[in-house]
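Chains as they are written, first to last, in the numbering used here: chain R, 1 to 260; chain H, 261 to 520; chain Z, 521 to 780; chain B, 781 to 1040.
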């Protein structure tokens, strides 16, 4: 009997980590790493500093989870959530810089980077702007064509990455609301975030097992995902993530790192 | 017959490059690359930005010269010439970050980093402060033990690097004055820089062929060097460097990249 | 007899100055101050640092020219020429911060700030985006309602500033090309800048004495201006500015600081 | 009968506030403002951003407490706790820049800055380095000679400020340990901070009413202070500060803002 047949599906749980900076602590990375399978590590532009990066990579290795790069706009004050108009040359070089910086900490310890996920405004801009998407995909390809690229299904970045032969990983957000077209409701909207643990968990289960999610405007939309993003910097982040894990496992979903 | 016997010695000429930033241009990197054999490329902390780094690495490759990392303190306003008190953990992580960032541009094109040379205040502090020297040497070792480390002969960094088994390259400065103990006269002193091309060239020849230099206080001091640093951001930088090259070659010194 | 009747008009010549940063020098501020009547001093966000600001203010006072603030986006790498999406609260606070910082150097010497001119992408965004325009105008009003605000005639910023009772100064660009709607051709276009001194001078004279300029697409457009912007960071900046001055004065136009 | 005779002394309670930055929150400024009489507001270099500054000043005004500037080294990653070697010109300009930036938010609302207190490494360096002390005192004098300058009693900054005629306020630290010479035990030492509320409160009372404190090495040292610093970013900051307040008031010490 095939072991996999027992499972209702497999999913990766990813979380943005290493977003502390100097004296400032954000989230509880150690606790979160107990619950997830892939860490998106900030690279010093929107968050993170070299010491934080070093510690986050070490911590992720100790937890046996995947390490990926989480590059963002050079905007610490805005936490990478403000779009900056950049040329393709600037974008590509900025991504290469951040990937290399993070890689340095991973290679020192002897583990590979597994994936790349753009942060915040860069993620959102790359989802709809082909020019930005191309620059990011090209940088990832040039850096290491074996890296998986996490994006919103159907996004410009997904298209640009596939066109270059990169492996695209479709990402869902359990605690964010969606618009009817499958894009995320912007954070500036009051109902962008879902904070009730049970609701988030139920949405996660539905996305993973039924490949569906209800848009903020009520429509049922298709949502095929290979990884689910959970957030570590919201109130009760741990409670929500634990609820998601338990609900998924209780339904028979296996939670394993991408590509393993 | 041994070809090398025709030569009065061999020397590498290194120069700090890629120190432009955004709208700001510093030095004429293209012209300088015609004259030198090793480029120390700024890594975005004291100078350089990702686009400048990308272009500088491409340019160096086109000129067939060695590419090395030139990490500095995180202080663009002070151009890395102001000492910042940092812990060893901060120093090591800061060096790893910068090495990785630069590496990213080199590996994308398929060339290796050959050497590391700390910049400005970091170079000077590492020459006399064992704690700083150790952190830098450890970072270089952890990143890539085959990297050559350029330092002042007899410096704390030379000792720390050798203790870790790194290959240390002894560096001389043709256009800087020395104190009797072999350390550089600080830039804040009026006679720290020599700006007369013929004088600089004569000192270069003497260092390379006779292994001696005259200190600012008149003493003859021993100065065994494997690479000479020339500067690209001084007035008549090209004229001085051309004079150095011609004088060396006229004396029968061969100018070749380190480790080749 | 009215002295003014001898003149074909009066105009102020303004220039962005104090845009050096640390080791990086941009433009020849001392030479430019001989030729202009109003200095727009960078405030440390897109260019300038505290030492540069101190020196620029001192220099401007020594030349007897008006000192104004030239606030920009917090983006040194992009020289303030990249738009950053910011909330109105962020914009207003950012402007207040920069105005206060510059004011500090002016008040120390006992001279007032006379005007404000947003820089680069902030200038352009404020010309068309009411939300950005309002935030800037509100900050200027809150800081000092007697400050003159330099803007593109007909811009959103001109409207927002007038609505708040601020004194708006209509600005023309002698060395930039215009679109048929009176907005500037973006710098990314190849013909955005005019570099021929005689052409720039002739356009300046025409704008000041006939209140007209020819758009890049050939149309004659009306262009009422009270100040002309000249640039200090282009090749032959001095030659162009001297040509503008001579052409204006030769035509009988009086060049005097705004508000005097 | 003299009302003051009822009191065992008067003291100001000051706290470093406005040290959040962008997405990062540090301390609970609103709660702390209920307990203190003077706010030292970060100015954007070691902590704080324009929006945080605006909000902190508004909050301080609403609480009726004194607003002072808390300038620091340009080092967000190090939270201003790392010394940076700077020239006197750089130091003076850096202080003027930060004072002006903060002043902008205070003047917009119509309240004055009352005092200046350097932050972290700048405070400590100014306590022992005459050159740094002079540059800071000169900047404060040039900016506004009526500003009070908070320093360690007997420090180089106290001397430099008095020599220029500034009003010096002697500051004590209830939750930091002292060395026998009256300087603070550096934060890098394990016993630099006292975290027991009752102990901190008892030390505060003793400093204010008996003008004495016990050094970390056991000596009784004289400690005349006009303001006590409490910290908002330590665990149980509120509990400690409440204990200090209650102990002081219970002893008959009046807690009022400086200069009122």
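Where a beta carbon is used, it is the ideal one built from N, C-alpha and C, also for glycine. Predicted, not measured: the structure shown is a model, and the values here were computed from it.
Report the option in the options whose CA atom is closest to the CA atom of residue i.
i, options, result
"residue 13 of chain R", "R:235, R:218, R:201, R:214", "R:201"
"residue 16 of chain R", "R:259, R:84, R:171", "R:171"
"residue 662 of chain Z", "Z:647, Z:599, Z:630, Z:617", "Z:617"
"residue 628 of chain Z", "B:924, B:861, B:841", "B:924"
"residue 382 of chain H", "H:354, H:373, H:371", "H:354"
"residue 106 of chain R", "R:151, R:242, R:55, R:83", "R:55"
"residue 681 of chain Z", "Z:771, Z:714, Z:656", "Z:656"
"residue 539 of chain Z", "Z:594, Z:753, Z:739", "Z:753"
"residue 842 of chain B", "B:986, B:811, B:1030", "B:811"
"residue 435 of chain H", "H:482, H:471, H:488, H:480", "H:488"
"residue 341 of chain H", "H:349, H:331, H:350", "H:331"
"residue 611 of chain Z", "Z:530, Z:653, Z:770", "Z:653"
"residue 976 of chain B", "B:1001, B:1019, B:997, B:993", "B:1019"
"residue 167 of chain R", "R:151, R:23, R:58", "R:151"
"residue 705 of chain Z", "Z:658, Z:647, Z:594", "Z:647"
"residue 235 of chain R", "R:217, R:246, R:194", "R:194"
"residue 606 of chain Z", "Z:727, Z:738, Z:780, Z:645", "Z:645"
"residue 218 of chain R", "R:159, R:102, R:177, R:78", "R:177"
"residue 57 of chain R", "R:78, R:79, R:33", "R:33"
"residue 173 of chain R", "R:159, R:207, R:118", "R:207"
Looking at the strands, I want to know which residues DSSP matches up with residue i.
i, result
"residue 170 of chain R", "R:151"
"residue 992 of chain B", "B:1002"
"residue 508 of chain H", "DSSP lists no partner for residue 508 of chain H."
"residue 787 of chain B", "DSSP output for residue 787 of chain B lists no bridge partner at all."
"residue 24 of chain R", "R:21"
"residue 997 of chain B", "Answer by DSSP bridge pairing: none, since residue 997 of chain B is not bridged."
"residue 536 of chain Z", "Z:560"
Which residues of chain Z have a Cβ atom closer than 9 Å to the Cβ of residue i, listed in chain order?
i, result
"residue 86 of chain R", "598, 602"
"residue 402 of chain H", "What residue 402 of chain H touches in chain Z: nothing, since even the nearest Cβ is about 29 Å away."
When the distance is taken between beta carbons, is residue j closer than 9 Å to residue i?
i, j, result
"residue 364 of chain H", "residue 44 of chain R", "no"
"residue 729 of chain Z", "residue 660 of chain Z", "no"
"residue 67 of chain R", "residue 41 of chain R", "yes"
"residue 38 of chain R", "residue 258 of chain R", "yes"
"residue 746 of chain Z", "residue 689 of chain Z", "yes"
"residue 735 of chain Z", "residue 548 of chain Z", "no"
"residue 120 of chain R", "residue 46 of chain R", "yes"
"residue 677 of chain Z", "residue 633 of chain Z", "no"
"residue 504 of chain H", "residue 464 of chain H", "yes"
"residue 933 of chain B", "residue 962 of chain B", "yes"
"residue 743 of chain Z", "residue 731 of chain Z", "yes"
"residue 849 of chain B", "residue 895 of chain B", "yes"
"residue 746 of chain B", "residue 1022 of chain B", "Outside the displayed range of chain B (781 to 1040) lies residue 746 of chain B, so it cannot be described from this structure."
"residue 76 of chain R", "residue 604 of chain Z", "no"
"residue 828 of chain B", "residue 801 of chain B", "yes"
"residue 398 of chain H", "residue 439 of chain H", "no"
"residue 804 of chain B", "residue 73 of chain R", "no"
Mind pulling the chain R residues with CB within less than 8 Å of residue i?
i, result
"residue 649 of chain Z", "Under the 8 Å cutoff, chain R gives no residues; its nearest Cβ is about 13 Å from residue 649 of chain Z."
"residue 428 of chain H", "None at all; the shortest Cβ gap to chain R is about 21 Å."
Report the neighbours of residue i on chain B: residues whose CB is nearer than 9 Å to its CB, in chain order.
i, result
"residue 335 of chain H", "854, 855, 864"
In chain B, which residues lie less than 8 Å from residue i when you measure between Cβ atoms?
i, result
"residue 26 of chain R", "803, 804"
Can you pull the chain R neighbours of residue i, defined as C-beta to C-beta under 7 Å?
i, result
"residue 304 of chain H", "97"
"residue 361 of chain H", "97, 100, 101"
"residue 365 of chain H", "96"
Interface residues of chain H around residue i at Cβ under 8 Å?
i, result
"residue 569 of chain Z", "337"
Name the chain Z residues that come within less than 8 Å of residue i, Cβ to Cβ?
i, result
"residue 833 of chain B", "613, 617"
In chain order, each beta strand (DSSP E) run of at least 3 residues that lies wholly inside the region 816-898 of chain B: 818-822, 846-850
Contained beta strand (DSSP E) runs [length at least 3] in the region 699-734 of chain Z, N- to C-terminal order: 732-734
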